[in-house]
Amino acid sequence: MAVAAETNTQELIDKLNAAYEKAHLGYEDNFWATKMALQASGSSSGSGSSSSSSSSSSSSSSSSSSSSGETGKGTADALAATKTAYETFLGDPVNLQAVRTALEAAKEGKAQLSAEQEKVLRIMERTFGCYILEDPAAAALKEKINSLEAGLSQSRNTMSLGYTDPATGEFKKASSVQLRNTMRVSDDEATRKACYEGVRSIGPFVSEQFVEIVKQRNKLARLLGFEDFYDYKVTAAEGFGKRRLFEIMDDLEAKTRPIMTAARERLAKEKGAAALEPWNQSYALAGDTEKAQDPYFPFEQAVDVWARTFGALGIEYSGATMTLDLCDRDGKYSNGFCHWPQVAWRKPDGSFVPSKANFTSLATPSQVGSGKTALVTLLHEGGHAAHFANIDQPSPFFSQERAPTSVAYAETQSMFLDAFAHDAAWLGRYALSRSGEVMPWKIIADGYAATQPYDVFALRAMIAVPYFEKALYELPEAELTKERLLALADEVETRVQGGLSPRPLLSVPHPLSDESSCYYHGYVLAEMAVRQTRAYFKSKYGKLVDNPAIGKELCEGYWRPGNGAMFLDLVEAVTHKPLAADDWVHDLERPLEAVLREEEADYKEAVAQGPAIKHGQPVDLKMRVRLVHGDEVIADSETDGGLAGACDKFKAWVDKTYLSA
Ligand SMILES: [Zn+2]
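Start counting the sequence shown at 1118; every next residue gets the next number (the numbering used here).
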């Protein structure tokens, strides 16, 4: 039976909730099993991965994927089938129509809706609206764009990227990540320049196909009544238009321009004018901080340090289960991520459904820097998980991690929490060597000296992407040529970053693909919100680290509403002022001497006090933690004596597997 035929609103809501949960869980379970290359046909998420094969969200869906054989969990077929089922559900116009009919019936007085029912129907309408194009001309155009994008992504994947070794004249294959890394560490300028030219060669390679995509995207946006594609995307994702976005961005741009000019002058003075060349900049800025800090971030203690940090902040996970697969191995997917096969929500009978999160990173525990990376990843992804575990709304739609959830909203939570790893107040409490020594102040001070005066470069590189995309979609169609595109990228880099960028704009993958195009501003807004939230808490409480009021305010202010509230409204409600650039600008304007003075005072207090929850003391995050390595379960807080016990077991496993010679 199609949902459209439903007359009872609560029945409609229940069916859509159940169908959503099922499609989402089926896809995510398979996503995890495939990316982790699991052998066993089962993940943490329990129930089966049956997928709805019909295009409507009928409650009696047929089980198309069996638990064994070719289409079992973790095979490419099962992943593709469950992905299609999930997308079909979200893109089904019948569902959208049923929701609208229910809303209209209430408006016309033919049916009664409770406030909660109306709220759920509204988020369903908004969610389906992100995946359905009702105008057939728009839908056809979208299909055309999809195939152009697939073509571009395919040719980009087959592009032979690399650099010509200046010593031998030999072409060496390298990914863009490897090229940028070599630019950072190679002592040979000619090699760095060759790598820069390698990254820069992406632009001319993609430009012809990309120009065509830009034209069609604009056509689609105008068909839907928007000014251009950027305006369309930002409105759909954030609920406000391009104009409002760039009011905020322009203010940030104007206020940080003089800071950038001064930083460029400082770098030229300190390291010579050549340090400003795009192939020299990252090298000139790469200090020895990472190496010096490394002994104070032992990899095997990262889980314990993260758990105590969050515990002392008063963060709880509302009964969630989190599965962590932290170490690299053959066959494992080469990108870290955190997903939620089971999203948190509250059922109509009042019972709360706790979330289940899967989280992976690619650590090699014996490598320099792996401990810090693991810790920052835990703070960041664990922050996303804490956010999504605490969404408490009457439908799983409020916890959808894709649109209509704003990137800026989601990233604000994770970036707020990973920022602790830079605070002297945190380092003085939690950055301890294997033998228990605290990171010396000198190492922390050297780190600030190497980075603080140049932090503005990261900001300018970040805002260059949205400014480039804005200018691109605003070009008159007649001007949209390959040559103009390449020139525009250089113009924007020079205007926004003061010179050509170490990361050429056309080498940034986001603008090319549909999902991530015109959303880079989300990171900018998130960082802005992080700075504003930190400044607010600092003025209110004086300190953030080990302050249980912080977790409580994050949870109640930012996390509970899920995507039912708008990002800008949430920031204003939590910090009591509209989102603005000022606190971020203030951070960048602080002279190094002032930063060092304040941080040193925080550091001394931190060392004197020690962490609120000492190593070995019980931590209760109201969460079950499973530490796994592919199919192997290393430790489980439920059976290994709580989180502290699981952390000990994990530490022993890392020692044995990686660290004992
Ligand atoms: Zn994130």
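Just so you know, even glycine gets a beta-carbon here, dropped at the ideal spot from N, CA and C.
Supposed close pair residue i, residue j - CB separation, criterion 8 Å
| i | j | result |
| --- | --- | --- |
| S1462 | Q1510 | Strictly speaking, residue 1462 in this sequence is Trp, with Ser absent from that position. Between Q1510 and W1462 the Cβ distance is about 6 Å, and since that is below 8 Å, they are a contact. |
| V1573 | I1376 | 5 Å |
| S1316 | S1624 | It is worth fixing the name first, because residue 1316 is Val in this sequence and not Ser. Going by Cβ atoms, the distance from V1316 to S1624 rounds to 5 Å, so yes, they are a contact pair. |
| N1507 | I1240 | With 8 Å as the limit, N1507 and I1240 do not qualify as a contact, their Cβ atoms being about 17 Å apart. |
| Q1410 | K1290 | Between K1290 and Q1410 the Cβ distance is about 32 Å, and since that is not below 8 Å, they are no contact. |
| F1684 | S1523 | 5 Å |
| L1384 | A1392 | 5 Å |
| Y1280 | A1311 | 4 Å |
| P1621 | G1320 | 6 Å |
| A1354 | Y1547 | Not really, about 35 Å apart at Cβ, beyond 8 Å. |
| A1541 | E1717 | 7 Å |
| A1491 | A1480 | 5 Å |
| T1529 | A1698 | Contact doesn't hold; Cβ gap of about 15 Å is too wide. |
Cβ-Cβ distance between residue i and residue j below 7 Å
| i | j | result |
| --- | --- | --- |
| Y1203 | A1380 | no |
| A1215 | A1222 | no |
| Y1584 | D1345 | no |
| T1406 | A1567 | yes |
| L1760 | V1745 | no |
| W1423 | R1309 | no |
| V1613 | K1372 | no |
| K1538 | V1609 | Checking the displayed sequence, the identity of residue 1538 turns out to be Ala instead of Lys. No. Outside cutoff. |
| P1412 | S1550 | yes |
| L1340 | A1419 | no |
| L1265 | K1259 | no |
| P1482 | V1750 | no |
| G1448 | A1154 | yes |
| Y1347 | K1336 | no |
| H1627 | S1618 | no |
| T1650 | T1692 | yes |
| L1661 | Y1675 | no |
| R1301 | Y1144 | no |
| Y1720 | G1545 | yes |
| S1293 | L1602 | no |
| T1477 | D1442 | yes |
| A1525 | G1615 | no |
| N1147 | L1196 | yes |
| L1220 | L1238 | yes |
| F1416 | S1303 | no |
Where the beta strand (DSSP E) through residue i begins and ends
| i | result |
| --- | --- |
| G1279 | 1279 to 1281 |
| H1703 | Premise fails: H1703 lies in the alpha helix (DSSP H), 1699 to 1706, not in any beta strand (DSSP E). |
| T1477 | 1473 to 1480 |
| D1455 | Per the sequence presented here, residue 1455 reads as Cys, with Asp not at that position. Unbroken beta strand (DSSP E) run through C1455: 1454 to 1459. |
For residue i: DSSP bridge partner residues
| i | result |
| --- | --- |
| R1113 | Lying outside 1118 to 1778, the shown extent of the chain, residue 1113 is not represented and no answer is given. |
| V1555 | L1549 |
| F1288 | T1281 |
| R1463 | F1469 |
Span of the alpha helix (DSSP H), counted from its first residue to its last, around residue i
| i | result |
| --- | --- |
| V1625 | That residue, V1625, is in no alpha helix (DSSP H); it is neither H nor E in DSSP. |
| L1430 | Taken as a continuous stretch (DSSP letters only), L1430 belongs to no alpha helix (DSSP H), as it is neither H nor E. |
| F1585 | 1572 to 1591 |
| F1533 | 1524 to 1535 |
| N1335 | 1319 to 1340 |
| Y1720 | 1709 to 1726 |
| L1296 | 1293 to 1302 |
| Y1653 | 1638 to 1658 |
| I1508 | No alpha helix (DSSP H) contains I1508, which DSSP labels as neither H nor E. |
| N1263 | 1253 to 1275 |
| F1343 | Element bounds for F1343: n/a, residue is neither H nor E. |
| M1153 | Unbroken run through M1153: none, as it is neither H nor E. |
| W1770 | 1759 to 1771 |
| F1363 | 1359 to 1388 |
| V1612 | Correcting the residue type first, residue 1612 is Arg in the shown sequence and not Val. Unbroken alpha helix (DSSP H) run through R1612: 1599 to 1614. |
| T1199 | 1193 to 1207 |
| P1210 | 1210 to 1224 |
Residue i: CB within 6 Å of a non-hydrogen atom of ligand 2
| i | result |
| --- | --- |
| S1633 | Ligands present in the displayed structure are limited to ligand 1, and ligand 2 is not among them. |
Cβ of residue i within 7 Å of any chain C Cβ
| i | result |
| --- | --- |
| E1710 | Of the protein chains in this structure there is only one, and it is not chain C. |
Taking 8 Å as the cut-off, does the segment 1662 to 1678 touch the segment 1426 to 1442 (at least 3 CB pairs, one atom from each stretch)? yes
Three-pair Cβ contact test at 8 Å for the segment 1738 to 1755 versus the segment 1718 to 1730: no
Is it true that the segment 1262 to 1278 meets the segment 1363 to 1374, where meeting means three or more beta-carbon pairs spaced less than 8 Å apart? no
State whether the segment 1542 to 1560 contacts the segment 1517 to 1533, with contact taken as three or more CB pairs (one from each stretch) at a distance under 8 Å. no
Hey, is the segment 1204 to 1213 in contact with the segment 1241 to 1253, meaning 3+ C-beta pairs nearer than 8 Å? yes
Under 8 Å, with one C-beta from each stretch per pair, do the segment 1442 to 1459 and the segment 1469 to 1482 reach the 3-pair mark? As far as the Cβ criterion goes, the segment 1442 to 1459 touches the segment 1469 to 1482, which means the pair count is three or higher.
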